[in-house]
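In the working numbering, the protein residues as written are 3 to 229.
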């Protein structure tokens, strides 16, 4: 990457123990060019930090996280914990749920664009698995069923065709770091670098459903660390 060669310093948002090893040829190129790297660890949101809901190119901004939605999500989690309910958090990130022309909701992140799943298909497959696994069963009360907290992103058709169970709370944006720190039992994630490091920092078990880029590598790391 040319920017790393020309930049006086490249800041890497992980720790050295978890960096991806460079192929010897690439390491030699960076070394000969004098490229410098600093591993600073994860970029963790502070308490109360707000996030946008997805990468939106068709309009200026996606739906922002409101104080009301943040408070509702945290209240739902607190009440579930007090009742001894399992808490499941699910988020497929901002890029896959956005409208990027390369990796977004309506496209397949492959060179040919003829293979694989669109962002929508991948997200809905993951969310369906969450609903089928943790959704309230017939005759099961809300107090007996897990609480599902699902961040769906900015798309209007995010849940089209899906049967959402009554024990699921679906919002465009959730206070992910606050929820992870408060305590969830399992986190379904796309495995993006921020979400992956945030879950590790909070000690939350993950199920990774990767899309592209660093996500498959992080999914493999999660599997390797669990064995």
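The C-beta atom is built at its ideal place from N, Cα and C for all residues, glycine as well.
{"Item": "If you count every other CB in all the chains shown that lies within 10 Å of the CB of residue 199, and 16 or more means buried, which is it?", "Value": "buried"}
{"Item": "Residues bridged to residue 227 by DSSP?", "Value": "In the DSSP output, where bridge partners are listed per residue, residue 227 has none listed."}
{"Item": "Between the C-alpha atoms of residue 119 and residue 213, what's the straight-line distance to the nearest angstrom?", "Value": "9 Å"}
{"Item": "Which one or two residues does DSSP pair with residue 171 in a beta bridge?", "Value": "151"}
{"Item": "In whole angstroms, what separates the C-alpha of residue 39 from that of residue 124?", "Value": "34 Å"}
{"Item": "Looking at C-alpha atoms only, which residue of 133, 187, 201, 221 is the closest neighbour of residue 168?", "Value": "133"}
{"Item": "Among the candidates 180, 26, 225, 161, whose CA atom is the shortest distance from the CA of residue 174?", "Value": "161"}
{"Item": "Whole angstroms are fine: how far does the CA of residue 165 sit from the CA of residue 45?", "Value": "35 Å"}
{"Item": "Mapping DSSP to helix, strand and coil, what is residue 119?", "Value": "coil"}
{"Item": "If we count the other Cβ atoms within 10 Å of its Cβ and call it buried at 16 or more, is residue 205 buried or exposed?", "Value": "exposed"}
{"Item": "Taking 7 Å as the CB-CB cut-off, is residue 170 touching chain C?", "Value": "Judged by its chain identifiers, the structure shown contains no chain C, having just a single protein chain."}
{"Item": "In the DSSP assignment, what residue or residues form a beta bridge with residue 191?", "Value": "93, 210"}
{"Item": "Can you give me the C-alpha to C-alpha distance between residue 145 and residue 186, rounded to a whole angstrom?", "Value": "16 Å"}
{"Item": "Go to residue 31, then tell me how far its alpha helix (DSSP H) extends in each direction, as first and last residue.", "Value": "26-34"}
{"Item": "For residue 177, count neighbouring C-beta atoms within 10 Å of its own C-beta (all shown protein chains included) and say buried if the count is 16 or more, exposed if not.", "Value": "buried"}
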